[in-house]
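Protein chains: 2
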Amino acid sequence: MAVTSQQLSSSLATLIETLRERLGAAQVLTGDDVASRQVDWLSRASCRAAAIVRPGTPEQVAEVLALCHQARQPIVTHGGLTGLVHGAEAAPDELALSLERLAAIEEIDPVAGTITVQAGAPLQKVQEAAREVGMQFALDLGARGSCSIGGNIATNAGGNRVIRYGMMRQQVLGLEAVLADGQVISAMSPMLKNNAGYDLKQLFIGSEGTLGVVTRAVLKLQPALGDTRTALVACPDFTSMTSLLTHLRDSLGGSLAAFEAMWQNHFALITEQERHQPPLDADAPYYALVESLANDEDHHRQQFEAALEASVEQGWVVDAVIAQSESQRDKLWAIRDDIEGLVEALSPIMAFDVSLPIGEMQDYVAEVQARLEARWPQMRLAVFGHLGDGNLHLSVGVGSDDPDTRHEVEGCLYEPLARVKGSISAEHGIGLEKRDWLSISRSPEELALMATLKRTLDPHGLLNRHKVVPWTAPQT
Amino acid sequence: MAVTSQQLSSSLATLIETLRERLGAAQVLTGDDVASRQVDWLSRASCRAAAIVRPGTPEQVAEVLALCHQARQPIVTHGGLTGLVHGAEAAPDELALSLERLAAIEEIDPVAGTITVQAGAPLQKVQEAAREVGMQFALDLGARGSCSIGGNIATNAGGNRVIRYGMMRQQVLGLEAVLADGQVISAMSPMLKNNAGYDLKQLFIGSEGTLGVVTRAVLKLQPALGDTRTALVACPDFTSMTSLLTHLRDSLGGSLAAFEAMWQNHFALITEQERHQPPLDADAPYYALVESLANDEDHHRQQFEAALEASVEQGWVVDAVIAQSESQRDKLWAIRDDIEGLVEALSPIMAFDVSLPIGEMQDYVAEVQARLEARWPQMRLAVFGHLGDGNLHLSVGVGSDDPDTRHEVEGCLYEPLARVKGSISAEHGIGLEKRDWLSISRSPEELALMATLKRTLDPHGLLNRHKVVPWTAPQT
């Protein structure tokens, strides 16, 4: 028997009442308190959920999920709301489960190199806690002030230092997650090595909240490295840029921490804006912002400069500027990080995040450009990315972003990935936005296994329904 | 209806005949060709499987598994047979599926830093292939010449360099696995970053062949580092040893690649044997073999020596020898690696592999020793381990290793782990040997979720039945 919207409304109202009783009225937001929250950073769309529920402890998360399970009530988990693929969107008959009150740092152990945190803790708070004990937390991305550790885990966040430290998955030693029925899976192992049975935490990392709600985690800390060397270089062609990457990776002995490539279209588009003072002329086809982290200032400076000099001699680099101060470093990064400048220049912008083998990148970008130009001769394209990770971010402006246009643009970007075994999502995830393109990157057998896992762990489709894996109501 | 052993025999014989037809008679071994294979390195137990099946391609693996699925025939997958937890044992009514003919290195890409290999390739072959293109494959362990990449993946192997490069899981970019029904899950992504849906490969890494058979993988390579610095040091107490670890981790700027701790009982037991020339007196309570990898000889030597000198000044190190040549380095490692010496001295030996927070180690070892001594006053215990990974290897000799004694010794070692959230297996896995102790390290909810995954992916229990997760025949 299908549930009618009338029945749902009434049972949902009862559930909301119960949640108010359990958590306190102030922790269940409705009306304007819901609508005033933006769930999408780019579109600024408002939250449409029936209510926002804010448990204050992991135990309360379990209680909320058990109640929702009883009522067969779908929920959408909210972290810092900085995602880019509509992962936080909720329908009017869904509840949003916000982990904002679960923000404690529970423990930090500098000898073991671990930190134990609740899922709602902002990334920056974790980074600062690590610094206070003389260590560092390796994940870093632009949204650090707002994004939450739980969201970083659920989306397997990437960011600026993947080439050196890996993605969020590599930083997680243990975690605790609540299943759709309210059962708590506590896999809070603090050890680097633990082969006692299946590594269940992997199920919850990168599955975007569709298999469980992450409530706590034990994260790995890294030794702090006091000396940062940063340079912006211009390369005469793509092969030179990849030679530079290989050379720095090998000659810096593992210290290379960022290799942010910018195609001319990106570099020119940003540096022509008034707020930047272009540190290099914009006439080279490729630019790279490179950064190395070590802890021995004199030797590291010599090593970094020698590696760049050798690259100039080889002809891989035709122009370069090395940051001589923290403020110069900030200015170089401001070019790479100026997402608002991109949004402004390409409005309405469409932002893509793909990965593919480095050897295929040049042809891929040329093909995308040709496809887009053939359809929209006035289109603008800006390409940058974490070259060492095989990750490109493409920003496109074609003058419109209505759904049909968007779908056509997506086709231009995603279809050429199939041939090169590329991924339609390097780091942003799938959410709602990319779900229907997943077959570009995943085989029918993989998609079937994903659906099997979803059905097994969340048979009623209560957790982030419709995200990542399609949902159809079971036949009754 | 239950299958009787008579029926099974006859259907198994038919299946073996079919397999001979499909793969060629030479690829299905029976009789002495089976019994002459050792499936257990320590006990030298023989293979008892009804036959050993040797497919030559990933497609043939899928074909074999589809035929076994049709016949509801359980199989045990064999890699290099170097495991230590009875993971390769097969019952007389089971088939062994050996991947020894799937040993090709399919592709190597030094720019992307990837290598594509078949599961049966020995680890050492992969290491050598990486060296030939000027890179390195990071996983390294004593069994390198025999163990296979597929086995390394299935068991999430650890080894000597985890502190620097992580476990096998961190080296795997993509993989292909065959499910129990013969379906192929091809997740051969070559990219460092890929968030396009659930990361299915994680299911097959470390699950010891119970959820699928790994056939191929794309592995990550690391920059080769030309300069290795190695030292053996003596520490006056446990706190000094952990201070040394923290100091080296921080001051070597990420170059520390091994920190192998040896308790006096281990160091003395090995160095008192004639074939070693003790490089240090055996009167200190703790020893550590430390190694650092970098690519800048002069600076690295200075850095390494300065770090050790500072440790002597701090009193963390009371005696030290730095290897001055490759042959001196080999001699230092020979002490740490002398498993045969251990086996000889403690025969019949029982070998354990646990992990726990570093801060708990000293008390843990003392408690284990007290428990063992209370029961077997003449017992001998030798403790060494990868301190930076929280991983201890304890070797015990009590004069007998019959099943009851073994169980009692296991209790002495495993029970104290529960309190400190330790793991009964840091790197060896669970197999048959540790399965019934899993509840020490995993909660009932975790064990239930593991069983759910097993039931979902392998409903008939055909893959490494009884290993890791208990198997009971479904009610009919």
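Same order as they appear, the protein sequences are chains A and B.
Heads up, the first sequence is in UniProt numbering, so the first residue is 1 and it goes up one at a time.
Heads up, the second sequence is in UniProt numbering, so the first residue is 1 and it goes up one at a time.
Virtual Cβ for every residue (Gly too), placed ideally from N, Cα, C.
In the same chain as ASP140/A, and ignoring 5 residues on each side of it, the C-beta atoms closer than 6 Å to its own belong to GLY159, ASN160, ARG161, in chain order. A residue is called buried when at least 16 other Cβ atoms come within 10 angstroms of its Cβ; VAL312/A does not meet this threshold and is exposed.
A Cβ-Cβ separation of about 6 Å places GLU89/B in contact with VAL39/B under the 8 Å criterion. By the neighbour-count criterion, in which a residue is buried when 16 or more other Cβ atoms sit within 10 angstroms of its Cβ, PRO190/A is buried. Between GLU408/B and TRP437/B, the C-beta gap is not smaller than 8 Å, which leaves the two residues out of contact. Contact check between the segment 320 to 330 of chain A and the segment 385 to 404 of chain A: fewer than three CB pairs, one atom from each, fall below 8 Å, which does not count as touching.
About 6 Å separates the CB atoms of MET241/A and ALA288/A; that is less than 8 Å, so the two are in contact.
Residues of chain A whose Cβ lies closer than 7 Å to the Cβ of ARG249/B are, in chain order, PRO223. Close to chain A, meaning a Cβ-Cβ distance shorter than 9 Å, are the following residues of the segment 119 to 139 of chain B: GLY134, MET135. Taking C-alpha positions only, ALA112/A is separated from ALA180/B by approximately 40 Å. Considering only THR215/B, LEU123/B, LEU200/B, ILE149/B, the residue with the shortest C-alpha distance to PRO55/B is THR215/B. Comparing alpha carbon positions, the residue from THR271/B, HIS276/B, PHE267/B, ASP298/B closest to PRO285/B is PHE267/B. The Cβ of PRO74/B sits no closer than 8 Å to any Cβ of chain A. A direct Cα-Cα distance of roughly 17 Å separates GLN314/A from VAL321/A.
Under the Cβ criterion of 8 Å, GLY150/A is not counted among the residues facing chain B. Look at GLN277/B here: in three-state DSSP terms it is coil, with no helix or strand label.
Identification of chain B residues near HIS299/A by a Cβ-Cβ cut-off of 7 Å yields HIS299, ordered along the chain. Rounded to the nearest whole angstrom, the C-alpha separation of GLU415/B and PRO58/A is 28 Å. Relative to GLN27/B, the option among SER36/B, LEU81/B, GLY431/B, ILE16/B whose CA is nearest is ILE16/B. At a beta-carbon threshold of 8 Å, the residues of chain A lying near ALA112/B are PRO357, ILE358, GLY359, GLY390, ordered along the chain.
Between VAL468/B and TYR198/A, the alpha-carbon positions lie close to 8 Å from each other.
Using a 10 angstroms sphere on the CB of ALA374/B, the tally of other CB atoms stays under 16, which defines it as exposed.
The three-state reading of DSSP puts HIS428/A in coil, since its state is none of H, G, I, E or B. Counting other Cβ atoms within 10 Å of its Cβ, THR116/A reaches 16 or more and is therefore classed as buried.
Between ALA196/A and SER243/B, the C-beta spacing is not below 8 Å. At least 8 Å separates the CB of LEU84/B from every CB of chain A. Here ASP404/A carries a helix assignment [DSSP, helix/strand/coil].
A straight line joining the alpha-carbon of PRO444/B with that of ASP109/A spans about 28 Å.
Residue contact check for THR155/B against chain A: a CB pair falls below 8 Å. Beyond the five residues adjoining it in sequence on each side, ARG37/B comes within less than 6 Å, by CB distance, of CYS47 in the same chain, given in chain order. Taken in chain order, the complete alpha helix (DSSP H) segments of 4 residues or longer contained in the segment 219 to 257 of chain B are 238 to 251.
Against ARG442/B, the close residues of chain A are ALA196, GLY197, in the order they occur along the chain (beta-carbon pairs closer than 7 Å).
Going by DSSP, HIS266/A is part of the alpha helix (DSSP H) stretching over 264 to 271. Cβ neighbours of ARG465/A within its own chain (closer than 7 Å, five residues either side excluded): PRO74, TRP471.
Note: LEU203/B is not bridge-paired with any residue in the DSSP secondary-structure output.
In this chain, the alpha helix (DSSP H) harbouring ASP33/B covers 32 to 35.
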